[in-house]
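Numbering of the sequence shown is given in UniProt numbering, commencing with residue 1 and proceeding in unit increments.
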Amino acid sequence: MASSGFFTRGVITFITVVVLFVNRASGIDIFLEWNVAIDTTINPVSVNQPVITINGMFPGPLINATTNDFVHVNVFNNLDEPLLITWNGIQQRLNSWQDGVSGTNCPIKPGNNWTYVFQTKDQIGSFFYFPSINFQKAAGGFGPIRVNNRIVINIPFPKPEAEFDLLIGDWFSTDYKVVRRMVKDKSMSLGVGDVPDASLMNGKAPYTPGTSKPYQSFTVLQGKTYRFRISNVGNALSYNFRIQNHKMLLVETEGSYTNQITLDSLDIHVGQSYSVLVTADQDPADYYVVASPKLVNISDGSNLVATGVLSYANSGLPASGPLPSGPDPFDVEFSVNQAEWNMTAGAARPNPQGTFNVTNVTPNQTFLLHGSNAWIDGQPCYVVNNWSYVSPATPLKLADLFVNGSGVYQLDAFPTHSVNEEAIYGVSVVSGTHKGWLEIVFVNELGIMDSWHLDGFGFYVVGFGMGEWTPASRNTYNIFDPVVRSTVQVYPRGWSAVYVFLDNPGMWNLRSQRLKHWYLGQELYVRVFDADPNPAKERPPPQNLLLCGIFDNSSAPASAPAPLAGR
């Protein structure tokens with residue numbers, strides 16, 4: 001049976017979706033209640049396994065907001081372990097307290113709830129959310145975020161007939177807790193978990209003609225144009241996305257309108273989001289929608305090829321013929337060339353920092369970050385400059401507030417320009433100059449694709465290259481009109497360079513978006529500090545602040561240590 005939109009399974013026990021709108025001059029308030037739970041009946045790949053749902057939905061519900069809206073999400077944790085939700089690409093202006101990662105928030109304990117409040121300040125675009133700890137993203141809990149233009153701001157293309165959210169990603173057929181244990185097991189190869197078992201499209205298995213298993217279908221009217229907001233919510237695999245017999249017009253990526261380019265297919269790496277326009281300009285019928293993995297050997301009929309259907313209204317003709325072919329999955333040069341085309345901005349941003357031109361920028365700081373793997377004390381791990389991050393029981397932001405980080409982390413011990421002689425564990429926190437420009441060069445020493453993300457900011461993506469990066473590589477940068485996005489891919493044995501304007505004070509997570517890499521230590525935190533206590537610079541901690549770690553005395557926040565002066 002075909003279905004349109006998200007496939008909803010499970011029973012909503014005691015929490016229903018509540019959305020209230022309250023007028024504000026700068027935006028509206030959106031109130032949501034989420035019941036996060038385990039469902040063992042969904043069976044995306046025909047095996048019984050736990051799937052994380054939100055209000056009984058897999059994927060979770062759409063957050064549909066407009067620039068400057070305030071989003072309140074009351075999250076009830078009905079799992080049997082702690083939970084955090086992070087908002088991939090939402091910049092959390094002046095407010096890293098709501099970021100939902102282990103360095104900024106105490107987790108929501110089982111049976112408890114906590115309300116996130118964040119503003120989609122000066123943003124537009126396509127994003128998503130997901131659980132950020134305990135390898136839970138491998139079991140679901142993710143969903144789409146749209147941030148729409150305010151009415152007074154025109155979009156640089158005609159309004160489409162409708163919009164579709166499309167989440168693609170790889171999936172394990174094994175219980176996520178088992179996979180989690182395997183990737184940490186010192187007896188296992190570091191290759192465990194690199195190639196999952198299947199690929200899903202909006203939580204559904206690949207379309208198989210003649211079967212009744214649910215698949216993803218998008219219904220369109222001939223002659224009309226539709227916007228597809230596509231996100232790679234997976235754990236490990238990059239994908240090439242395409243639609244049989246249809247062209248795609250690239251128009252947006254993670255908050256930036258791109259130079260509009262017509263494409264036959266589009267590479268989408270882990271953690272990335274794009275918008276494309278598709279015109280239903282073919283004869284009425286059904287057509288395959290395909291996302292096939294990159295850098296992976298696949299056979300015909302492989303569950304690793306996510307497939308759905310673009311269905312013309314009343315067509316009556318099923319999708320037929322072979323799946324539309326894409327580029328050679330091992331052709332890295334094709335992917336690099338396409339990335340360079342997509343690196344160009346095409347329209348103004350909706351925020352005060354609307355320019356893309358960085359020709360006059362001289363970075364205050366440079367981080368040269370080498371990503372690789374290692375063994376430490378007999379344990380497999382992933383490292384940045386030979387440091388593997390360990391998450392302390394006390395969130396860094398909480399320690400910063402009460403004890404200036406003392407006893408939790410040592411600021412700037414992590415090497416930002418060199419590779420440590422031996423691989424070690426550490427709590428990696430580095431200083432970022434407030435309102436300074438930071439150049440980050442990501443160097444991938446592994447033979448697999450990686451991607452990197454910095455919470456709180458956008459990357460001005462200025463360059464890609466293969467082999468070693470040198471200062472002379474700056475001569476190849478695009479500093480005239482680089483696109484701004486929140487996640488950048490790093491090719492095998494290659495490098496990617498970005499500029500970041502550090503105008504958002506807070507404690508911000510910089511991580512590999514490959515789940516296993518992140519889980520095994522490939523991350524650090526950038527502390528952007530402004531001593532001015534004016535909340536226009538950084539918002540104070542929320543009244544519902546959770547305590548844990550060295551401050552966990554099971555008492556109310558009011559009895560916690562007093563914040564340090566100037567915080």
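Idealized CB from N, CA, C, for every residue including glycine.
Among the options, nearest to residue i - alpha-carbon criterion
i      : options                           : result
Gln216 : Asn478, Arg527, Pro59 and His453  : Pro59
Ser273 : Ile261, Tyr239 and Gln282         : Tyr239
Leu62  : Gln49, Phe31, Thr41 and Ile38     : Phe31
Leu295 : Ile268, Leu277, Ala319 and Ser275 : Ile268
Glu523 : Asn509, Pro533 and Asn534         : Asn509
Ile145 : Leu84, Val192, Phe228 and Trp437  : Phe228
Val51  : Val73, Leu79 and Val71            : Leu79
Thr307 : Ser292, Val490 and Leu221         : Ser292
Leu167 : Gly140, Val183 and Asn154         : Gly140
Val500 : Asn385, Gln513 and Ser486         : Ser486
Tyr312 : Gly465, Val384, Val278 and Leu250 : Val278
Gly465 : Ser496, Val233, Ser173 and Met449 : Ser496
Thr262 : Leu249, Arg511, Gly111 and Met449 : Leu249
Thr362 : Val75, Leu438 and Ser406          : Leu438
Gln260 : Ser315, Trp341, Ser325 and Ala236 : Trp341
Glu538 : Tyr389, Gly456, Gly56 and Asp481  : Gly456
Asp552 : Lys109, Arg93, Gly56 and Leu520   : Lys109
Ser173 : Val490, Val443, Pro160 and Val195 : Val195
Ile90  : Asp532, Val332, Thr219 and Asn148 : Asn148
Asn504 : Glu254, Lys121, Tyr116 and Asn314 : Lys121
Gly494 : Val483, Arg511, Met507 and Thr470 : Thr470
Ile155 : Tyr129, Val178 and Thr258         : Thr258
Gly378 : Arg150, Ala339 and Tyr425         : Tyr425
Asn95  : Gly506, Asp532, Asn534 and Arg511 : Gly506
7 angstroms CB neighbourhood of residue i in its chain, flanking five on each side removed
i      : result
Lys213 : Ala205
Val498 : Ile440, Phe459, Tyr460, Val461, Val462 and Val488
Thr433 : Asn364, Gln365 and Leu502
Gly436 : Asn364, Gln365 and Leu502
Ile298 : Ser292, Leu304 and Val305
Check whether residue i and residue j have beta carbons under 7 angstroms apart
i           : j      : result
Ile124      : Thr86  : no
Val488      : Trp518 : no
Thr359      : Ile479 : yes
residue 583 : Pro541 : As displayed, the chain neither begins before 1 nor continues past 567, which places residue 583 out of reach and without an answer.
Arg242      : Ser265 : yes
Thr546      : Lys137 : Position check: residue 546 holds Leu in this sequence, whereas Thr was assumed. No; because the gap between Cβ atoms is not below 7 angstroms, this pair is not in contact.
Gly193      : Val183 : yes
residue 654 : Val251 : Any question about residue 654 goes unanswered here, given that the chain covers just 1 to 567.
Gly447      : Pro380 : no
Asn48       : Ala198 : no
Gln513      : Gly271 : yes
residue 572 : Ser428 : For residue 572 there is no data in the structure shown, the boundaries of the chain being 1 and 567.
Arg180      : Phe135 : yes
Asn55       : Asn112 : no
Leu84       : Ser132 : yes
Val526      : Val408 : no
Gly234      : Gly143 : no
Val490      : Asp530 : no
Gln282      : Asn245 : yes
Asp481      : Phe356 : yes
Leu310      : Val289 : yes
Ser256      : Val528 : no
Cβ neighbours of residue i in the same chain (closer than 6 angstroms, five flanking residues each side left out)
i      : result
Phe334 : Pro327
Ile550 : Thr394
Val71  : Ile30, Ala65 and Phe118
Ser26  : Asn68
Tyr176 : Phe135, Ala138 and Ala139
Tyr116 : Val73 and Gln98
Nonlocal neighbours in the same chain, by C-beta distance under 8 angstroms from residue i, ignoring five residues either side
i      : result
Leu317 : Pro284, Ala285 and Asp286
Glu422 : Asn386
Thr225 : Pro158, Pro160, Glu161, Leu277, Val278, Thr279 and Ala280
Asp412 : Val429, Val430 and Ser431
Contact with chain B by residue i, beta-carbon distance below 7 angstroms
i      : result
Met182 : In the displayed structure, chain B is absent; only one protein chain is listed.
Spell out a yes or no on whether the segment 405–421 and the segment 361–370 are touching, meaning 3 or more CB-CB pairs, one atom from each, closer than 8 angstroms. yes
Complete beta strand (DSSP E) runs within the segment 428–474 (minimum length 3 residues, chain order): 429–432, 437–444, 450–454 and 459–466
With contact counted as at least three CB pairs below 8 angstroms, one residue from each stretch, are the segment 191–209 and the segment 37–51 in contact? yes
Inter-stretch contact at 8 angstroms, needing at least 3 Cβ pairs: the segment 467–477 / the segment 395–404: no
Between the segment 378–396 and the segment 93–109, can you find at least three pairs of beta-carbon atoms closer than 8 angstroms? yes
Runs of beta strand (DSSP E) wholly within the segment 209–236 (minimum 3 residues, chain order): 215–220 and 225–232
Output the residue ranges of the beta strand (DSSP E) runs that lie fully inside the segment 105–163 and measure 3 residues or longer, sorted by chain position. Those beta strand (DSSP E) runs which fall completely within the segment 105–163 and span 3+ residues are 113–119, 125–131 and 143–148.
For a minimum of 3 consecutive residues, which ranges assigned as the beta strand (DSSP E) are wholly contained in the segment 367–418? 379–384 and 387–389
Segments assigned beta strand (DSSP E), at least 3 residues, entirely inside the segment 271–334: If you keep only unbroken beta strand (DSSP E) runs of at least 3 residues inside the segment 271–334, you get 273–279, 286–293 and 306–312.
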